[in-house]
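Engineer: Right, I'll just put the structure down here and ask away after.
Numbering (full-length UniProt numbering), first residue to last: 1 to 763.
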């Protein structure tokens with residue numbers, strides 16, 4: 001499944017609202033009188049917390065009153081302060097950063113709980129508070145007083161020179177955000193009041209539609225369960241999958257959870273669906289499950305087609321109101337790129353990949369015919385199964401066999417060792433006594449709390465950050481996928497001696513251990529996902545930026561935000577770390593040498609077809625937001641989103657797509673996440689992450705000391721500078737040049753036929 005990390009959905013002015021929404025604190029530095037404050041600020045755990053939220057105290061009933069009280073206070077304070085903006089940092093952004101921070105902390109907590117502890121009551125609360133969040137965000141994001149003061153600040157050379165480079169970059173980004181939030185509609189002029197009302201209504205409607213889209217996908221995924229009583233139907237499925245499917249049946253009250261006797265429930269959540277499609281030999285059963293997956297949320301009261309159309313319609317209207325031809329132009333303007341630049345990059349990757357992908361499909365087809373006696377041509381429900389059999393034949397090991405050597409706790413510790421060696425940090429799980437001492441509670445018994453430290457000049461440990469890890473799947477209440485999100489952002493208050501310690505969330509959906517003798521084992525793909533999300537956490541936790549508007553991952557251009565995550569994936573293929581993480585879950589014996597070789601070869605096995613799949617998603621996303629014309633009413637004559645998907649698939653999908661395919665109804669990244677007209681940023685960032693990792697490869701050829709220097713430089717640039725420095729400048733500080741060479745991505749993927757002399761345009 002595509003990796004999913006809910007960083008944001010709606011950007012309004014200087015604020016970023018993550019996922020379905022976008023911190024409340026009573027810290028000593030907030031000296032405002034509490035005498036007239038709403039009692040919710042004392043009694044409501046969403047509002048009354050300092051270092052960590054009290055997760056166990058938060059109930060669904062707390063959500064609406066917390067946001068009502070918070071929004072009312074922020075609106076009152078902002079309107080009062082806006083009367084006294086002055087053209088200085090302290091007189092503008094410094095004057096309101098506590099309000100932005102309060103909003104982020106509270107709404108971030110609510111959003112997080114909606115992802116990991118979903119309930120009908122919480123959904124109702126989210127739907128009720130979302131318009132409030134949008135309204136207060138637009139109030140700040142459309143402030144003419146703030147816009148005028150910032151423009152005065154920038155136009156005065158003396159005042160501008162008093163700002164450091166980070167502050168100047170934040171001011172520039174805030175001005176852009178204000179403009180893209182419709183600040184101009186607040187100016188005097190004929191029709192502006194009506195335009196502002198229309199624009200703001202679009203923002204509310206977009207937010208509600210995206211929330212509904214995500215809920216429909218989640219409900220449709222949960223609704224499907226195919227019960228199997230005859231074990232022969234599951235020929236080819238490994239024991240670990242049979243155990244998981246038996247547990248699926250037990251959770252639904254359909255069986256007793258016996259992996260040997262069943263019954264077994266096939267579901268559409270990734271930990272079950274993916275290995276099932278890879279291993280089940282029964283073709284008609286694979287077809288049935290595949291059809292259920294690609295038609296999720298496309299019928300009945302969960303049908304997302306009209307929601308997709310309306311989201312695209314809102315985005316198109318928003319873009320045109322702001323003077324853009326389409327939403328693609330608007331979105332890429334935020335990312336320091338353009339639609340032509342993104343399209344050119346994708347087309348170049350397509351041209352480099354297509355021949356290899358076509359060759360791979362031919363090899364798969366021949367293998368299916370000769371070795372498997374499998375019907376051809378291959379259909380969409382065949383490629384995962386035949387691909388896994390092909391990989392086992394070529395690489396000698398199946399994904400399940402490899403998982404016997406990848407036990408979750410050991411992989412985690414190896415990941416921490418990677419961070420220690422390359423970035424000079426120590427990561428350790430908090431003990432029960434430390435958790436009790438800190439007064440930390442969690443939202444689930446399996447959640448772990450970690451601290452990140454480094455040694456100071458005297459050799460003492462200095463606390464840098466915390467993160468909370470929720471790693472095991474709970475399909476009944478937790479969204480699928482893997483993601484990182486913000487709990488607390490680093491910031492330096494003028495009255496505090498030290499910057500506030502950042503805290504991150506790291507969420508996965510790893511199958512939980514079934515017993516003491518059966519620990520949680522990882523497919524290698526899950527290992528790379530774990531490292532990926534930890535890379536996001538590192539960028540949040542190791543930031544040196546003290547301004548909350550651009551600390552950690554905040555404010556990082558979308559074309560740059562995946563570099564830190566994708567960079568970490570590379571370590572999973574290195575001999576040293578495979579040796580460290582690879583131990584058999586029963587015997588403790590080391591991973592065989594040929595298994596390590598198999599893993600390293602898997603990086604390039606069928607890489608062309610995998611690349612084409614991602615290029616399809618990226619190209620389709622751009623086309624939907626540039627070429628597709630959404631209609632007010634869908635009729636039989638209307639060009640549907642599925643038509644555009646099917647037309648592009650003729651180019652990018654080597655195995656013909658089904659006419660019934662409704663994949664778009666589950667494409668949460670662009671309709672319920674932050675990747676609208678930005679999915680291409682995965683490949684854009686991957687070019688940079690591969691180029692960045694190549695710097696380590698080059699240094700390793702010189703000496704271990706030189707490699708350590710590169711790791712330190714990476715930490716002090718890419719991981720440290722957050723969104724307070726332009727990505728071009730960040731990358732120049734790290735690599736000595738602002739651009740990246742795509743040849744390293746192609747080389748790592750085994751797709752480089754001839755050395756490339758071109759360089760990718762910097763973000």
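Every residue gets a Cβ at the ideal spot worked out from N, C-alpha and C, and that includes glycine.
Could you give the residue range of the alpha helix (DSSP H) that holds residue 576?
Structural biologist: Here the alpha helix (DSSP H) through residue 576 covers 575-581.
Engineer: Look up residue 221 in the DSSP assignment and say whether it is helix, strand or coil.
Structural biologist: DSSP places residue 221 in helix when its eight states are reduced to three.
Engineer: Got a sec? Which residues, its chain only, sit under 6 angstroms from residue 57 by beta carbon, not counting five neighbours each side?
Structural biologist: Result list for residue 57: 45, in chain order.
Engineer: In chain order, what are the residue ranges of uninterrupted alpha helix (DSSP H) at least 4 long that sit wholly in the region 181-244?
Structural biologist: Segments of the alpha helix (DSSP H) lying fully in the region 181-244: 192-223.
Engineer: Going by beta-carbon coordinates alone, are residue 606 and residue 526 separated by less than 9 angstroms?
Structural biologist: Contact: no.
Engineer: In terms of residue numbering, what span does the beta strand (DSSP E) encompassing residue 633 cover?
Structural biologist: No beta strand (DSSP E) contains residue 633, which DSSP labels as neither H nor E.
Engineer: Give the DSSP-derived three-state secondary structure of residue 113 in the structure shown.
Structural biologist: DSSP places residue 113 in helix when its eight states are reduced to three.
Engineer: Tell me which residues share the same chain as residue 350 and place their Cβ nearer than 6 angstroms to its Cβ, disregarding the 5 neighbours each side in the sequence.
Structural biologist: Here the set comprises 615.
Engineer: What residue does the beta strand (DSSP E) around residue 529 start on, and which one ends it?
Structural biologist: Careful: residue 529 lies outside any beta strand (DSSP E), inside the alpha helix (DSSP H) at 524-541.
Engineer: Return yes when the Cβ of residue 105 is within less than 9 angstroms of the Cβ of residue 73, no when it is not.
Structural biologist: No, they are not a contact pair.
Engineer: Classify residue 273 as helix, strand or coil using the three-state DSSP reduction.
Structural biologist: Reduced to three states, the DSSP call for residue 273 is helix.
Engineer: Quick check on residue 519 - is its C-beta less than 9 angstroms from some C-beta in chain B?
Structural biologist: No chain B appears in this structure, which consists of one protein chain only.
Engineer: Tell me the start and end of each unbroken beta strand (DSSP E) in the region 57-84 that is at least 3 residues and wholly inside, in chain order.
Structural biologist: With a minimum length of 3 residues, no continuous beta strand (DSSP E) run stays inside the region 57-84.
Engineer: Are there 16 or more other CB atoms within 10 angstroms of the CB of residue 21, so buried, or fewer, so exposed?
Structural biologist: At residue 21, the pLDDT of 29 sits below 50, so the modelled position is not reliable and the matter cannot be decided from this model.
Engineer: Go ahead and label residue 33 buried or exposed: buried means 16 or more other beta carbons lie within 10 angstroms of its beta carbon, across all protein chains shown.
Structural biologist: Reliability of the predicted coordinates at residue 33 is poor, the pLDDT of 44 falling under 50, and no value is obtained from them.
Engineer: Let me check you understand the geometry: is the CB of residue 96 closer than 8 angstroms to at least one non-hydrogen atom of the ligand ZN?
Structural biologist: You won't find the ligand ZN in this model; it holds no ligand whatsoever.
Engineer: Spatial neighbours of residue 30 within its chain, please: CB distance less than 8 angstroms, with the 5 preceding and 5 following residues excluded, ordered by chain position.
Structural biologist: Low confidence applies here, because residue 30 scores a pLDDT of 43, under 50, leaving its location unreliable; read the following figure in that light. 98.
Engineer: Looking at the secondary structure, which residues open and close the beta strand (DSSP E) in which residue 253 lies?
Structural biologist: Segment: none, residue 253 is in no beta strand (DSSP E) and carries neither H nor E.
Engineer: The alpha helix (DSSP H) with residue 129 in it runs from where to where?
Structural biologist: 120-141 is the span of the alpha helix (DSSP H), which, as asked, contains residue 129.
Engineer: Measure the C-alpha to C-alpha separation of residue 576 and residue 708 and round it to an integer number of angstroms.
Structural biologist: Taking the straight line joining both Cα atoms gives about 15 angstroms.
Engineer: For the beta strand (DSSP E) containing residue 448, list its first residue and its last residue.
Structural biologist: Per DSSP, residue 448 belongs to the beta strand (DSSP E) from 448-455.
Engineer: For the region 718-750, list the alpha helix (DSSP H) runs that are entirely contained and at least 4 residues long, ordered along the chain.
Structural biologist: Within the region 718-750, the complete alpha helix (DSSP H) runs of at least 4 residues are 727-735, 743-748.
Engineer: Under 8 angstroms, with one C-beta from each stretch per pair, do the region 690-705 and the region 318-333 reach the 3-pair mark?
Structural biologist: Too few Cβ pairs lie closer than 8 angstroms, so no.
Engineer: Closest by CA to residue 51, which one among 490, 123, 668, 516?
Structural biologist: Nearest C-alpha to residue 51: 490.
Engineer: For residue 266, list the residues DSSP reports as bridge partners.
Structural biologist: According to DSSP, which records beta bridges pairwise, residue 266 is partnered with 226.
Engineer: Pull up the distance between the alpha-carbon of residue 764 and that of residue 731, whole angstroms please.
Structural biologist: Here the chain comprises residues numbered 1 to 763, so residue 764 is not present and cannot be evaluated.
Engineer: Count Cβ pairs between the region 555-572 and the region 519-539 that sit closer than 8 angstroms; are there 3 or more?
Structural biologist: A contact exists between the region 555-572 and the region 519-539.
Engineer: Is it buried or exposed for residue 212, if we count other Cβ within 10 angstroms and need 16 for buried?
Structural biologist: Label assigned to residue 212: buried.
Engineer: Might you give, ordered along the chain, the residues of its own chain that have their beta carbon closer than 6 angstroms to the beta carbon of residue 71, omitting 5 neighbours on each side?
Structural biologist: If we look at residue 71 and ignore the five residues flanking it on each side, its Cβ neighbours are 132, 136.
Engineer: Assign residue 532 to one of two classes, buried (16 or more other C-beta atoms within 10 Å of its C-beta) or exposed (fewer than that).
Structural biologist: With 16 or more other Cβ atoms within 10 Å, it is buried.
Engineer: May I ask which residues mark the beginning and end of the alpha helix (DSSP H) holding residue 693?
Structural biologist: That run of the alpha helix (DSSP H) goes 681-702.
Engineer: Among 421, 734, 687, whose alpha-carbon lies nearest the alpha-carbon of residue 766?
Structural biologist: This structure leaves residue 766 out entirely; the chain is present only between 1 and 763.
Engineer: Can you tell me whether DSSP reads residue 306 as helix, strand or coil?
Structural biologist: Residue 306 falls in the helix class under three-state DSSP.
Engineer: Which one of 706, 671, 592 has the shortest CA to CA distance from residue 207?
Structural biologist: The candidate whose alpha carbon is nearest that of residue 207 is 671.
Engineer: Just to confirm, is the Cβ distance from residue 185 to residue 140 under 9 angstroms?
Structural biologist: No; because the gap between Cβ atoms is not below 9 angstroms, this pair is not in contact.
Engineer: Beta strand (DSSP E) containing residue 325: first to last residue?
Structural biologist: No beta strand (DSSP E) contains residue 325, which DSSP labels as neither H nor E.
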